[in-house]
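See structure below.
Numbering (the working numbering), first residue to last: 1 to 172.
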């Protein structure tokens, strides 16, 4: 959110990985408890700053469910979502891009013995697609303690909220 134009964007924090790569562990660590997809936003507190987020724990492609059927009727300002590392995942990202979300994606396990990494990366161009669409992509090892990747998420959410609050204060 470096410009006034970006100030109206919503934020998607995504975790991209194969099954058992650590996506659910990431969300459980962020909320400090086991969490599931709900029907409503939930409160997340980061350094005494409260924010509402909508969580999709369980990648829509693995559930064989369209994202729009999981999300509420309105567009939450912040969505946390698991994504399957699959050739069809672009349709899920495209949903959020069309809805004017800024995408921050943590890609779990590349190069750490994930099956089909090379073909998905080179043949389907998932990461190139994300970067071309203006997404931020962070590469992390999902086999390690999730604290580091969760702290990266917290910093992103906290910074995004602080800039949004500052923008609203300056324009009121």
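We put the CB at the ideal spot given by N, CA and C, even for glycine.
How long is the line joining the alpha carbons of residue i and residue j, rounded to whole angstroms?
i, j, result
"residue 159", "residue 24", "23 Å"
"residue 39", "residue 131", "30 Å"
"residue 13", "residue 136", "10 Å"
"residue 153", "residue 32", "14 Å"
"residue 103", "residue 67", "15 Å"
"residue 69", "residue 105", "21 Å"
"residue 107", "residue 150", "13 Å"
Helix, strand or coil for residue i, going by three-state DSSP, please let me know.
i, result
"residue 124", "coil"
"residue 17", "strand"
"residue 145", "coil"
Is the beta carbon of residue j closer than 8 Å to that of residue i?
i, j, result
"residue 57", "residue 42", "no"
"residue 72", "residue 54", "yes"
Grab me the residues of residue i's own chain with a C-beta within less than 8 Å of its C-beta, minus the 5 sequence neighbours each way, in chain order.
i, result
"residue 126", "16, 85, 87, 89, 90, 120"
"residue 162", "49"
Who are the Cβ neighbours of residue i in its own chain at under 7 Å, not counting the five residues just before and after it?
i, result
"residue 62", "19, 84"
"residue 156", "13, 104"
Leaving out five residues before and five after residue i in sequence, what residues of the same chain have Cβ atoms less than 6 Å from its Cβ?
i, result
"residue 80", "13, 53, 55"
* To do: Identify every run of the beta strand (DSSP E) within the region 3-89, keeping only runs that are complete inside it and at least 3 residues long; order them along the chain.
  => Here the runs fully enclosed are 10-17, 42-46, 49-56, 78-84.
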